[in-house]
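Peer 1: Chains as they are written, first to last, in the working numbering: chain A, 17 to 482; chain B, 442 to 519. To start, I am sharing the structure in question, which I have written as structure tokens.
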């Protein structure tokens, strides 16, 4: 069974959520066997997730029953969900019971506040290696999916558990959404180890959050750069959290100042600070910096996880072996997924990455063999650690305003949006803020005479920066 | 500018809401008042009043009214 769930003590707690839900390993085994009798293999299931035991139990069981889940937020934009539903035509949904009424499906099974519903559609053709699907974009939620194969999340859970040294005593705090690759990886690496995850919906700024992790003796925390900004703002070091021994970071680059603050704090308080690096395309983590190196390698993503390899290549695709030379970062390992999907036919496709993923990040390696991300080739930003696709943002803006001219650039602090119509300035800002769910201050809308383009018609982004 | 005006301005700027909604604003009533909004709001308030809030105060800053009480504890007359 997945992660040897059936070999863990049946009464051991796999997950506890902040709404009072509890899930034991024994219940997971039972749920899996029940679903196996109800559901044929190779159904396409949209899992509308919340960090709740019912959502997690459903996903793990459906995965193990060889059904293919697309993990989405239960709070996904309705229009986007409609597009995804029409594009892929799921045969089932696993979703919060409270959402059934609005969708009007027939309930087939229910479990801890979540239900399995039949849509009446026949599942599309799914490649036999296809194990699950996730969306690439954290916020604009483009319908571009990452096709995972069997072995991806299994190997990443195993190797990440090894890196952190998780045992069944561990109590991992998971407030990153389970439909987000790193959130799921934190969960899976704990389940692999027979440990307990503490699933949290309330936000870090809520007193309920801290009361919950104190009461449940949370022993490790994983956050994106934004989480660390909040901890910093909360003067986290003033809090008394004796059970919390490990702090992990990933999902974006922490500023060097914050990195140093937390690396130093960990040394002072005898805790471990792990900087990690991952992508959805590699089923989350691909690199980590050993905690004992944190204070001496500020800003580094470390080296590859077990069974993986990081390679730097130059513009001609040749490997760079010298230290401190920049190149594109490639990763090779068993957690590399199969490729992308943008239409239902893609779900029948096989492995296109073939074990190697071009991260699109520019990196260098120091003389000690530790890697540093220095820039990005691909067109996306990480606003507070949430990936926002620039091309998708352009598409959203253009489509919403009758095909207007629009170009998006920027850095991880702010997106710059160039349009040519003054009167739409405020509306564009409002729209993109709504669609991404991020504060309007992260977007700077600038009106210019025309969008500079190359002869090919492609936008000349370099000319925009001038 | 009076302190109460400063506080109201901080809400308008930090949470991106209209002035008329400030007095009744709570974490539940304002869409943008999530953790990002909270952080942005607290940062603006700390700068505007030159104070440093304690962890508990940051967390309890969940409505305009609660905010007023917290500022009073820092000897700010509203």
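Note that CB positions come from ideal geometry on N, CA and C, so glycine has one too.
Is the separation between the beta-carbon of residue 58/A and that of residue 353/A shorter than 8 Å?
Peer 2: If you check the CB distance, residue 58/A and residue 353/A do not come in under 8 Å.
Peer 1: In the structure shown, what three-state DSSP assignment does residue 381/A receive?
Peer 2: If DSSP states are grouped into helix, strand and coil, residue 381/A belongs with the strands.
Peer 1: Alpha carbons only, please: which of 454/A, 457/A, 445/A and 449/A is nearest the one belonging to residue 463/A?
Peer 2: 445/A
Peer 1: Can you have a look at residue 455/A and say buried or exposed, based on whether 16 or more other CB atoms are within 10 angstroms of its CB?
Peer 2: Classification of residue 455/A: buried, given that the 10 Å Cβ count is 16 or more.
Peer 1: Would you say residue 473/B faces chain A, with C-beta separation under 8 Å as the test?
Peer 2: Chain A, which has a Cβ nearer than 8 Å to the Cβ of residue 473/B, makes this yes.
Peer 1: Which same chain residues end up closer than 6 Å to residue 307/A when comparing Cβ atoms and leaving out the 5 residues on each side of it in sequence?
Peer 2: So the qualifying residues of the chain are 288, 289 and 290.
Peer 1: Taking 8 Å as the limit between beta carbons, can you name the residues of its chain near residue 518/B, skipping five residues before and five after?
Peer 2: Result list for residue 518/B: 444, in chain order.
Peer 1: Kindly indicate if chain B contains any beta-carbon less than 8 Å away from that of residue 368/A.
Peer 2: no
Peer 1: Once you ignore the five residues that flank residue 412/A on each side, which residues in its own chain have a CB closer than 8 Å to its CB?
Peer 2: 156, 447, 448 and 451
Peer 1: Determine contact between the stretch 317-330 of chain A and the stretch 343-358 of chain A, defined as no fewer than three beta-carbon pairs at a distance below 8 Å.
Peer 2: yes
Peer 1: For chain A, find out if any of its Cβ atoms is closer than 8 Å to the Cβ of residue 484/B; answer yes or no.
Peer 2: yes
Peer 1: Is residue 440/A near residue 420/A, with beta carbons less than 8 Å apart?
Peer 2: yes
Peer 1: Run down chain A in chain order and give the residues with a C-beta less than 7 Å from the C-beta of residue 499/B.
Peer 2: 221, 249 and 250
Peer 1: Going by the CB atoms, is the gap between residue 319/A and residue 522/A shorter than 8 Å?
Peer 2: Here chain A comprises residues numbered 17 to 482, so residue 522/A is not present and cannot be evaluated.
Peer 1: Are the CB atoms of residue 400/A and residue 241/A within a distance shorter than 8 Å?
Peer 2: yes
Peer 1: When the Cα of residue 203/A is compared with those of 29/A, 115/A, 453/A and 378/A, which residue comes out closest?
Peer 2: 29/A
Peer 1: In angstroms, rounded to a whole number, what distance separates the CA positions of residue 377/A and residue 117/A?
Peer 2: Taking the straight line joining both Cα atoms gives about 44 Å.
Peer 1: According to a CB-to-CB cut-off of less than 7 Å, which residues of the stretch 273-285 of chain A neighbour chain B?
Peer 2: none
Peer 1: Of the choices 466/B, 483/B and 447/B, whose alpha-carbon is the least far from that of residue 497/B?
Peer 2: Comparing alpha-carbon positions, the option among 466/B, 483/B and 447/B lying closest to residue 497/B turns out to be 483/B.
Peer 1: Do we get a CB-CB distance below 8 Å when we pair residue 492/B with the residues of chain A?
Peer 2: For residue 492/B, the nearest beta carbon of chain A is not closer than 8 Å to its own beta carbon.
Peer 1: Below 8 Å on C-beta distance, what does residue 467/A contact in chain B?
Peer 2: Those do not exist, as residue 467/A stays about 27 Å from chain B at its closest Cβ, beyond 8 Å.
Peer 1: Quick check: the Cα distance between residue 90/A and residue 382/A, rounded to an integer number of angstroms?
Peer 2: 43 Å
Peer 1: Where does the unbroken beta strand (DSSP E) through residue 433/A begin, and where does it stop?
Peer 2: 430-435
Peer 1: Taking all protein chains shown into account, do 16 or more other C-beta atoms lie within 10 angstroms of the C-beta of residue 195/A, making it buried, or fewer, making it exposed?
Peer 2: buried
Peer 1: In the DSSP output, which residue or residues are listed as bridge partners for residue 403/A?
Peer 2: 398/A
Peer 1: Take residue 248/A and list the residues in its own chain whose beta-carbon comes closer than 7 Å to its own, dropping the five residues that flank it on each side.
Peer 2: 274 and 277
Peer 1: From residue 478/B to residue 456/B, what distance separates their C-alpha atoms?
Peer 2: 6 Å
Peer 1: Ignoring anything shorter than 3 residues, give me the beta strand (DSSP E) runs that lie fully in the stretch 83-168 of chain A, in order along the chain.
Peer 2: 84-89, 108-112, 122-127, 130-134, 146-151 and 161-165
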